[in-house]
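Chains as they are written, first to last, in the working numbering: chain A, 32 to 681; chain B, 2 to 344; chain C, 1387 to 1707.
The beta carbon of each residue, even a glycine, is placed where N, CA and C say it ideally should be.
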Amino acid sequence: MPKITRITRLGRQTQMGLLLLLMGGAITLAQAYLPDFLHRLPSWSDLWAAGLDRFFSWVQNDLGLIYVTRAIAGWLGFLIDAAANILYGKSRWPRIDALPWSAVTALVALMGWYLGGWRLALLGGFSLFWTAMVGQWKWTMETMSVIVVAAPLGFLLGLGLGIASWKWARFEAALRPILAILQTLPFFSYLLPAVIFFKVGPTAASVATIIYAMPPMILMTALGLKQVPQEVVEAGKMSGCTRWQMLVRVYLPSARTELLVGLNQVIMLSLAMVVLTSFIGMPGLGAKLLVMMNSFKLGHSFEIGITIVLLAATLDRLSKAWVVKQPKHFAKGTPWWQRHQAWLICLGVFVFFMLMAQIFPFLNQISRGDSFSVGKELDVLIKAFLGLGFVQVITGSIRWFFNIWVLVPTEQGILYLPTFAVIFIVSGLSWLLGGWRSGVIGFVFFTGVAVLGWWDRAMLTLHATLTATLLAMLLGMPLAIWAARRKRRSEVMILICDIAQTFPSFIYLLPAIMLFGITPITVILAILIFTMVPIVRYTVEGLRGVSPEITEAADMSGATRRQKLWYTQLPLAMPTIAVGLNQALMFAFFMVIIAAFIGTRDLGQEMQRTLAGTHLGKNFTLGFSVVLIALTFDIAINAWAEKRRKILGL
Amino acid sequence: MPQTPIISCRNLWKLFGANPEAYLTKMPPGHSYEQILADKYIAGVKDVSLDVHKGEILVIMGLSGSGKSTLLRCMTRLHSITGGAILIEGQDITNLEERGLIELRRSKMGMVFQSFGLLPHRTVLQNVAFPLEMRGQSKHDCRARGLEMIKLVGLEGREDYFPRELSGGQQQRVGIARSLAIEPDIWFLDEPFSALDPLIRREMQDEFLRLQAMLHKTIIFVTHDFNEALRLADRIAIMKEGAIEQCDTPDQIVLKPATEYVSKFTEEVEKSRVIHAETLIDPKLKATRNPVAAHATIHAIAQRIVEDDTAAIAVAREGKIIGAMPRQAAFDILMGRGDAQNN
Amino acid sequence: MKSINKLTKILTMAGALAFAPGLAVAEDSSDPIIIPIHNWSSQIVMSNVVGQMYESMGLNVEYVTTDSQAVYESVRLGDVTLELEVWEGAFGASYRAALAKGGMVDAGEHNAITREDWWYPLWTKEACPGLPSWEALNECADLFRTAETGDKGRYLDGPVDWLKHGQERAEALDMNFTVINAGSAAALWAEIGAAEANKRPVVVFNWTPNFAEAVWEGEFVEFPTWEDGCDKDPAKGPNPNALYDCGNPATGYLRKVAHHEMTTKWPSAYCVLSNISFTNPQIAEMAKMVDVDELEPEEAASKWLKGNKGVTQPWIDACTT
């Protein structure tokens, strides 16, 4: 019985989706005969902007929110200053002054050794050693002074909100759309409010970082708490725990793994924001990177990029090792110094280097003049490579082919479509994918985009994201399928993904421009690099995750490699791949706005313009356009993946 | 029995569904499990009345989904109760508020779980002392009492291990030690040995009987294993679809299964190993010569039954003759022909 | 007698202190003066130079990295105390908007002229000898064709948020050029850098003073001279029906602004700020120390200060005596 109803409902879903697509097509064909408002709605963008401006000024001044946020900023500032004093000697409380690089490096290496053996020790030690040697120690510590405050705060806030959303279903229901919006709101929309409400500088930067890095922590907390085994909960209750005891002694420790995974996410996302937040006062590496790029120092920018990747890798691996590390017992009668051996060694080495640094100044600080930076040499190398004849021929033909034959025509195509045709098509596709709910949401959200009044620019943004994601799939999926065949290859591929994800996307931009000029293909390529990461990662993981029993069954049925892939592995991995695709789209929407730094004509460019005049209202009108587009895809794809997963019983 | 029962369930109901309380009040009496299901409610516990007496081992037996764990969780108030009442030593706990419930669990109840329910981040000692810690006892007390309990379950030397460093049987020993740490009057065990290998299970059952011989707790023991129930129980309550099919001593259940459902379990049982001599006593018979012990199983006195040629065999408890049993009936049981009693 | 002596001693001491030349500084708040730093070298070094001047006066200084457009809102709110490089062309709009909203005061201009306009590296001139005249450029439009711009030449304008109106100018002067906006200064340099490899002719947006002068030699295109109101009155400039039909002012201002409370909270610091006036060569020198000599901005600043005591000390002295 249920099977039959499902089939008929599926049928209805397909019919409805196709009907909507047909309507979209019909409107396109008939557009010459249709009234103007069906082609493009009149633009109300100024109206919205003015309204929002009034609203923000009301919140800021009349409601006095700014006093609250400024008080918070004061506290944040105090914490960051204290960290800054210890890390790089900013003259603030507690006036301990910068720790020597050698001591910090040794400490991190020891931590690596304690958590994950000599490999981690090597990674941690090398990363910081490199940082000091290329003369980026102080910049790195400036960056870290904000991260060491923002990441723990993001963790704690995420934890609190996660607990709340686990405890109260209503809170979760209210929080979910806010998180969805936060995750899709373009970065340029965080910028102005953060500056106005939290004071330009490290405070605003830390707030933006926290807001950006917190959502996964909330989700992981809620997930972890939900997964605590029922019996453990009951054991707690039967032991007579009060509610507080239940939470602190039973739930949170039992969800340790998820909480630490959340912490790992917070750290990684905080580092991902290092460059972007420097627009609003994040000191250190990101700010220096922008300076280097603006004075066309590719080599130095590249070195900073490597430092950021190394830092991210170190923090990532350290925190992951901590997730895995489980407490071990000591044999009876172990003396205390043996029990606390790790701590004692750390303390000893730390003190040793503190003292040595007083005697040998190079162990204390290495100035840029004494460093081993090879930025200039790298510059020459990069420029020479770009000047090579065959490089120019190849890039020239790629540029010519894609711009003239692919991107410009499709761009004009999407602009040719009447507004309502696009709305119907998007809603029809969402309907096909995710069912009636997604279809209606697609209709409402895209109508929203039309009403917000930046339709043409929104279409260009949509075009760039879709094209880049499509290309990323065409390139990334075969690569991932190839990699997933062998365990070793998969691991290497995932490692490459990790690196590509943390390498600041800004650094891609310059070589991309030098290769392809300021043209649409450059934008697409910049997005593509970033977007391929989740596609490759999730495809590899999805394929590797197919249970061996099933592939064995396929083998025993005499399937060829290709049959096995098509009929067993891909269908089973599809829900996971869909999640990757969805993330790729979200990354694309993030990156397409950043690509405004190359030069685009879409929403991102207009958002960049709003920064000049601090037009908060207009900025948010544009930001919400991106949110609405991104969420439409997010909802439809997730609905599809969820449904598939249910059907497959995963 | 003269004294008040330790646990008393009176017309206990537990329904799962949208609005169970309202449904129960307007539900016509005598609604069957299926009828309730048709109304989109599941009867976890269906009109159960049951007394558990001091020092008794009551085993609740049933297949999965029969409501046995639900009944246990109603008694501990891990589940709220839809209808009826539960009295613990005469105190009505049906609607006991949180504070009182915590107090009750801290002073009177201990519970062992199927998958052990150990806290993964705490050592053996910390797990065992957990209930004491919750009560706010001093560190020293917690440690002393914890070590004592660990010794009791035979885990000395492993105080500082973490649960994942122990085998399943050892983990359950920790669970047992924890449940006994506060010296509870009532001991709940929810399928405590189901997750263990058969050999270990047997060993743990012996351990359990050893402990009970020392401690004399009032015990509610849930299992889906009929043999385990027979082995451990003073009384067995067999459940099906939320209701109790039969609640009696193992001998009586094996000898006189009340329903067809119960007899499905008893069919496969080697009855001679379950039924005790005293169960077969027939007041109409008389014998004095050479009595057998009242608590001996028929299997244990098999030789006597086969070799004896009288019609009645004397049964004695502590040297005093309390009656006689028919030899033929015992012989039939021994030969697996005990079905006659069914009809 | 003794005690009276002591009293007069204290009084004279106090008096001496009150009128001591350095003491006017003591009126300034000990709160740090917050100086914003952007992402181009001359501004960073100049900020450090001024910061070190303040420190030599015994004031506390702190630097904060900010976006160069959003900074005006921060000056208004007092989150940063001052801004040392307000370029007429690039930041004029933000500056005027913030000034109108209130909270910001003008602290005068540098003795420097800024120029921002269409620019080409010298190798371009070899292909199009008629340069720098704009008419000649228009005739060479073919040289600047790319696959994407079809039969039109390509001009790479500055980022949209700099509000350069290159598009309007190309239309107003009926030029055979398509205007593409770069997304950032870095994008401009990347374009020039890529063209340098095979000496391809390019025309891009550029400005002076700027480190690029030291890296690539080049010239500005000469457009019809700027007339006041060219951006508001169609009648101005050669095309009677269009705005923006002139070149940018070849002598744009470079000014300083401050948060309005600086005048009362740090009066002498503000006084010094209004005295400060760097010249084009000085600014170029500062930028060069970082961009070419690879000094850290702080080092560059102290080195520059050491070599230019004669320039900066009078600005300080004028406010403290």
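* Asked: Near Met-172 of chain A, which residues of its chain fall below 6 Å by C-beta distance, leaving aside the five closest residues on each side in sequence?
  -> Leu-118, Tyr-119
* To do: Going by DSSP, name the residue or residues bridged to Tyr-1541 of chain C.
  => C:Val-1565, C:Val-1589
* Asked: Are the Cβ atoms of Ala-1628 of chain C and Ala-1558 of chain C separated by less than 7 Å?
  -> yes
* Go through its chain and collect everything with a Cβ distance to Ser-9 of chain B's Cβ below 6 Å, but skip five positions before and after it. => Asp-52, Leu-88
* **Residue nearest to Leu-464 of chain A in terms of C-alpha spacing, selected from A:Asn-613, A:Arg-207, A:Ser-301, A:Leu-294** => A:Asn-613
* To do: Quick one: give me the first and last residue of the alpha helix (DSSP H) that Ser-536 of chain A is part of.
  => 536 to 547
* **Burial state of Thr-365 of chain A (16 or more Cβ within 10 Å)** => exposed
* What is the rounded straight-line gap between the Cα of Phe-474 of chain A and the Cα of Ile-454 of chain A? -> 6 Å
* Please list, in chain order, all residues of the same chain as Val-340 of chain A whose beta carbon is under 7 Å from its beta carbon, the five residues on each side excluded. => Ile-530, Thr-533, Phe-534
* For Tyr-1506 of chain C, the first and last residue of its enclosing beta strand (DSSP E) -> 1501 to 1507
* Look up Gln-717 of chain A in the DSSP assignment and say whether it is helix, strand or coil. => With chain A running from 32 to 681 in the structure shown, residue 717 of chain A is simply not present.
* Asked: Alpha carbon to alpha carbon, what distance is there between Gly-1544 of chain C and Lys-674 of chain A?
  -> 48 Å
* Contact check, Tyr-42 of chain B vs Pro-21 of chain B under 8 Å by CB: the rounded distance? -> 6 Å
* To do: Pick helix, strand or coil for Ile-334 of chain B, following the three-state DSSP scheme.
  => helix
* To do: Kindly indicate which residue of A:Lys-230, A:Leu-294, A:Pro-449 has the alpha-carbon position closest to the one of Val-99 of chain A.
  => A:Lys-230
* Ile-118 of chain B: contacting residues in chain A (beta-carbon distance under 9 Å) -> Reading off the sequence shown, one finds Gly at residue 118 of chain B, where the question assumed Ile. Under the 9 Å cutoff, chain A gives Pro-260, Gln-261, Glu-262, Val-263, Val-264, Glu-265, Ala-266, Gly-267, Met-269.
* Backbone secondary structure at Ala-1410 of chain C - three-state DSSP -> Bear in mind that a pLDDT of 44 at Ala-1410 of chain C, under 50, signals an unreliable position, so the number given afterwards is only what the model happens to contain. It is helical.
* Asked: Is Gly-630 of chain A near the ligand MN, in the sense that its beta carbon is under 6 Å from a heavy atom of that ligand?
  -> The ligand MN is not among the ligands present in this structure, which contains no ligands whatsoever.
* To do: Give me the Cα-Cα distance between Gly-337 of chain B and Ala-331 of chain B, rounded to the nearest whole angstrom.
  => 10 Å
* Asked: Cys-248 of chain B lies in the alpha helix (DSSP H); which residues open and close that run?
  -> From DSSP, Cys-248 of chain B is part of no alpha helix (DSSP H) but of the beta strand (DSSP E) over 244 to 249.
* Looking at His-217 of chain B and Gly-91 of chain B, is the spacing between their C-beta atoms short of 7 Å? -> no
* To do: Could you please give me the residues that DSSP links to Thr-1665 of chain C through a beta bridge?
  => C:Asn-1497
* Asked: Considering only residues of the same chain and omitting the five flanking positions on each side of Gly-18 of chain B, which have a CB-CB separation below 7 Å?
  -> Tyr-24, Lys-41, Tyr-42, Ile-43
* Checking contacts by CB at 7 Å: is Arg-290 of chain B closer than that to chain A? -> no
* For the segment 45 to 113 of chain A, which segments carrying the beta strand (DSSP E) assignment without a break, of at least 3 residues, lie completely within its bounds, in sequence order? -> none
* Exposed or buried, Glu-1413 of chain C, counting other C-beta atoms within 10 Å across all chains shown (16 or more means buried)? -> exposed
* To do: Counting only the same chain and skipping the five closest in sequence on each side, list residues whose C-beta sits under 8 Å from that of Trp-14 of chain A.
  => Because chain A is modelled from 32 through 681, residue 14 of chain A falls outside the range shown and cannot be assessed.
* **Whole-angstrom distance between Asn-1446 of chain C and Met-1399 of chain C, CA atom to CA atom** => Residue placement at Met-1399 of chain C is poorly supported in this model, since its pLDDT is 47, which falls under 50; the coordinates are not used for a value here.
* Asked: Going straight from the alpha carbon of Ala-1410 of chain C to that of Ser-1663 of chain C, what length do you get?
  -> Reliability fails at Ala-1410 of chain C, whose pLDDT of 44 lies under 50, so the model's placement of it is uncertain and no value is given.
* Rounded C-beta distance between Thr-550 of chain A and Gly-611 of chain A? I'm assuming under 8 Å. -> Contact flag wrong, Cβ pair sits at about 28 Å.
* To do: Leaving aside the five residues before and after Lys-1651 of chain C along the sequence, list all residues of the same chain whose C-beta is less than 6 Å from its C-beta, in chain order.
  => Ser-1415
* Measuring CB to CB, does Ile-187 of chain B end up less than 7 Å from Met-62 of chain B? -> no
* **Near-chain A residues of the segment 123 to 151 of chain B (beta-carbon distance less than 7 Å), N- to C-terminal order** => Thr-124, Phe-131, Pro-132, Met-135, Arg-136
* Asked: Shortest alpha-carbon distance to Val-292 of chain A belongs to which of A:Leu-250, A:Phe-333, A:Lys-257, A:Ala-303?
  -> A:Leu-250
* To do: Verify the CB distance criterion: does Phe-327 of chain A have a CB-CB separation below 7 Å to chain C?
  => yes
* To do: Check distances from the C-beta atoms of the segment 344 to 362 of chain A to those of chain B and list, in chain order, the residues that come in under 8 Å.
  => Gln-357, Pro-358, Lys-359, His-360, Phe-361
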